[in-house]
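Trainee: Before I ask anything, here is the structure I am working with.
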Amino acid sequence: MAKKKINIILILVVLGLWGTVGYRAIKNYFGNNDGAVNTEIGNHNVSLKKINKDTFDLKKVGRDPFLNKQFEEKQVSSAVLVSYHPIKKIVTPSIPKPSSNINWPQLKYFGYLKSNNQELVLLKIDSKLHKLKLNDEVNGLVVKKKYKDSIEVFFNSQRKTIHIN
Numbered sequence: 015m016a017k018k019k020i021n022i023i024l025i026l027v028v029l030g031l032w033g034t035v036g037y038r039a040i041k042n043y044f045g046n047n048d049g050a051v052n053t054e055i056g057n058h059n060v061s062l063k064k065i066n067k068d069t070f071d072l073k074k075v076g077r078d079p080f081l082n083k084q085f086e087e088k089q090v091s092s093a094v095l096v097s098y099h100p101i102k103k104i105v106t107p108s109i110p111k112p113s114s115n116i117n118w119p120q121l122k123y124f125g126y127l128k129s130n131n132q133e134l135v136l137l138k139i140d141s142k143l144h145k146l147k148l149n150d151e152v153n154g155l156v157v158k159k160k161y162k163d164s165i166e167v168f169f170n171s172q173r174k175t176i177h178i179n
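In this text, residue positions in the sequence shown follow our numbering: the first is 15, and each later residue adds one.
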């Protein structure tokens, strides 16, 4: 019951405050101009003083006010030394890697299975489905890394990335 009385009192106070704000806004907008101040139109002798600008020269400060050290004046030399000798770029011919034609087995990656203690990769090697752990070897093929959408496979010291189908 006490909360209800407090809520009613607070609602009345808020309505009263908003009512006075609204009343003042409407009164200024629709109110009479009786209270307006009449200004006299006439010639008054008003003298405005013109302020002359004061000019001065700033002198160069010889010390740093924060570090309390004297500045050293450095003279800038106008002679610029330019070298027109082109630098020869030495290009070493790149030795192409010997490409050995290794016949990779036909591989298809179908994703991975995750259980409490191990993760298995589903990989189809030459139309035969295998469930492999990381670093397991099947016919010389080793699964090294597993990602969400691909795996990294080593076969005869060559690396290949296989994406999910």
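Where a beta carbon is used, it is the ideal one built from N, C-alpha and C, also for glycine. It should be emphasised that the depicted structure is a prediction, and the values quoted were computed from it without experimental measurement.
1. Note down the Cα distance separating LYS67 from ILE40, rounded to an integer number of angstroms.
2. For ILE165, which three-state DSSP category applies?
3. Of all the options PRO100, ASN117, LEU31, LEU29, which has the alpha carbon lying nearest to the alpha carbon of GLY154?
4. Below 8 Å on the Cβ atoms is my contact criterion, and I expect VAL167 with LEU121 to pass it. Report the Cβ-Cβ distance as a whole number of Å.
5. Is the Cβ-Cβ distance between LYS158 and ASN149 less than 8 Å?
6. Tell whether a beta-carbon distance below 8 Å holds between LYS142 and LEU134.
7. Go through its chain and collect everything with a Cβ distance to PRO119's Cβ below 8 Å, but skip five positions before and after it.
8. What are the residues that DSSP puts in a beta bridge with GLN89?
9. Within the same chain, show all residues whose beta-carbon is closer than 8 Å to that of GLY76, passing over the 5 residues directly before and after it, in chain order.
10. Where does the unbroken beta strand (DSSP E) through VAL156 begin, and where does it stop?
11. Roughly how many angstroms lie between the CA atoms of LYS64 and ASP71, to the nearest whole one?
12. According to DSSP, simplified to helix, strand and coil, what is THR175?
13. Here's the rule I'm using: 16 or more other beta-carbon atoms within 10 Å means buried, otherwise exposed. How should TYR123 be labelled?
Mentor: Quick answer:
1. 49 Å
2. strand
3. ASN117
4. 7 Å
5. yes
6. no
7. ILE139, ASP140, ASN153, LEU155, PHE169
8. None; GLN89 has no bridge partner.
9. GLN84, PHE85
10. 155 to 160
11. 23 Å
12. strand
13. buried
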